[in-house]
Amino acid sequence: MKLMKSVMVASAMMMTVPMAAPAMAQESSYEPGTVWSASRIKVLPGQFENYMDHLAGQWKKVNDFAKAEGMLVEYHVLATNNARDGEPDLVLVIEYKDYYSIAQQQAFAKKVNAMLATDERKQTAASGDRSKMRELMGSTEYQELVLK
């Protein structure tokens, strides 16, 4: 009986090894890359130049700082040409090096607040003030899959 049980276990193990080997040996055809955030912005009537001033000012300054800190790879402001009803006027695209922990995000926020001589309450109020210039239609996050 013991011998029969050992043979059955050995036989079962031998059957699983050939099936597992190809799966373990096969590598993925891609690897995870950078993380992209795309924010869709509807600029309110008569506010395009004002909002572009904000982007060219504080928004650019913060993103250049994040780039210098190694957190951000690149950023772009894209205009929607021939926008259809319901489409944004602008898409703000930010390419991050990686996902960041809450601790890393908080540490970076402290550095930004120090650089801008502000705090979270003032930042939140400033974001609210920008609602006079634009409507945030939402944002999407993507992760690049780098093909091998």
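Mapped onto numbering that gives the first Met the number 0, the consecutive letters of the sequence shown carry residue numbers 0 to 147. Even glycine gets a Cβ: it sits at the ideal position worked out from N, Cα and C. Note that the structure is predicted; figures quoted are calculated from it, not measured.
If you draw a straight line from the C-alpha of residue i to the C-alpha of residue j, how long is it?
i	j	result
residue 79	residue 92	13 Å
residue 65	residue 88	25 Å
residue 43	residue 57	19 Å
residue 143	residue 84	29 Å
residue 97	residue 81	33 Å
residue 76	residue 90	6 Å
residue 20	residue 147	Here residue 20 scores only 49 on pLDDT, less than 50, and its place in the model should not be relied on; the value that follows carries that caveat. Each residue's alpha carbon lies about 21 Å from the other.
residue 54	residue 28	38 Å
residue 120	residue 113	13 Å
residue 105	residue 46	32 Å
residue 48	residue 117	24 Å
residue 122	residue 25	49 Å
residue 131	residue 102	32 Å
residue 72	residue 31	15 Å
residue 50	residue 115	19 Å
residue 124	residue 145	39 Å
Provide the residue(s) that pair with residue i in DSSP beta bridges, ordered along the chain.
i	result
residue 39	90 and 137
residue 31	144
residue 75	92
Check the C-beta distance from residue i over to residue j and give it rounded, since I have them as a contact under 8 Å.
i	j	result
residue 39	residue 138	7 Å
residue 133	residue 41	6 Å
residue 107	residue 68	7 Å
residue 34	residue 95	4 Å
residue 70	residue 99	7 Å
Would a check of beta-carbon distances place residue i closer than 9 Å to chain D?
i	result
residue 53	Absent here is chain D; the protein component of the structure consists of one chain.
Closest to residue i by C-alpha separation, out of the options, would be which residue?
i	options	result
residue 110	60, 52 and 77	60
residue 36	52, 62, 112 and 124	62
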